[in-house]
Every structure is written in C-alpha cells, then in structure tokens.
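Step one of this worksheet: look at the structure below.
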Amino acid sequence: MKTLPASSKTVIIGGGIMGCSTAYHLAKMGVESVLLERKKLTSGTTFHAAGLVGQLRSNANITRLLGYSVDLYKSWKPKPAFPPAGK
Ligand SMILES: Cc1cc2nc3c(=O)[nH]c(=O)nc-3n(C[C@H](O)[C@H](O)[C@H](O)COP(=O)(O)OP(=O)(O)OC[C@H]3O[C@@H](n4cnc5c(N)ncnc54)[C@H](O)[C@@H]3O)c2cc1C
31 MKTLPASSKT VIIGGGIMGC STAYHLAKMG VESVLLERKK LTSGTTFHAA
81 GLVGQLRSNA NITRLLGYSV DLYKSWKPKP AFPPAGK
C-alpha cells in the first residue's frame, strides 16, 4: 500500500508474528485493521525463529493457544516441504 488510510479503528504496530497474527485474526472476525511495520514484515525476532511450536506449557491457556496454533498451521496450504518430525 502506497498511502496510509486517514483513519482506522484498529492500528497494529509491528509486523512480527504477534502483529501479523493479530491482523489475521481480526480480519477473520471481520474487523478492519492497519498494520504498521517500520522495516519489512517479519524482519524482527520472528525472522530468527527456528519454527518450533512447543505444545506444553505451565499455563493451561498458553498450552491451549499452542494447540490452536498447531491446528492452524496444519490447515494451511501449501503443505511444508518436510513432514512433521516422527512422520
Ligand atoms: C534465535 C531465535 C530462535 C527462536 N526460535 C523460536 C522457535 O523455534 N519457536 C518459537 O515459538 N519462538 C522462537 N523464538 C522466539 C520468537 O522468535 C519470538 O518470540 C517472536 O518472533 C516474537 O514476535 P513479535 O511479533 O513479538 O516480535 P518481532 O518479530 O520482533 O516483531 C516486532 C516487529 O515490530 C517492528 N517494530 C518495532 N518498533 C516499531 C515501530 N515503532 N513502528 C513500526 N514497527 C515497529 C519491528 O521491525 C518488528 O518487525 C526464537 C527467537 C530467536 C532469537
């Protein structure tokens, strides 16, 4: 986008996994948002992540969130070049 909208109900600062995920889920809910990234999308810490999605944490809500993430990633196409470990 070359020009920014004059206003938006929701403005997300930062296009890492947190900002992109927030924008994605808001869009799924039908909520308009503008995502502002100072450099390139996912160029921050997200670029360095190893891609591991832990599935057990000491907090039940975070554990549920991670399970949701695994299901979400599985539902996306195209499928990853490598099968999940153990398959
Ligand atoms: C080496 C390494 C390996 C990792 N491996 C894993 C892993 O396997 N699994 C895992 O779950 N986690 C892993 N992590 C942790 C994971 O990468 C981070 O928790 C996650 O990427 C953080 O995402 P974020 O969106 O909060 O931050 P970031 O990815 O850092 O995104 C923040 C974004 O905000 C932008 N920004 C900052 N200030 C502004 C501003 N003023 N205006 C506009 N934009 C701004 C930045 O440019 C950046 O793009 C790893 C981390 C490292 C360093």
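One point on numbering: in my numbering, the residue at position 7 of the sequence shown is 37, and numbering is uninterrupted. C-beta: ideal position from N, C-alpha, C; glycine also.
Asked: Would you call the stretch 59-73 and the stretch 87-104 touching, i.e. three or more CB-CB distances under 8 Å?; Found: no
Asked: Return yes when at least one heavy atom of ligand 1 lies under 7 Å from the C-beta of A79, else no.; Found: yes
Asked: Got a sec? Which residues, its chain only, sit under 7 Å from L86 by beta carbon, not counting five neighbours each side?; Found: T93
Asked: Alpha carbon to alpha carbon, how far is S99 from S38?; Found: 27 Å
Asked: Among S63, V83, A53, A57, whose alpha-carbon lies nearest the alpha-carbon of T40?; Found: S63
Asked: Tell me which same chain residues have a C-beta within less than 7 Å of the C-beta of A53, skipping the five on either side of it?; Found: I42, S63, L65
Asked: Identify which residue in G44, A80, M59 has its Cα closest to the Cα of S73.; Found: G44
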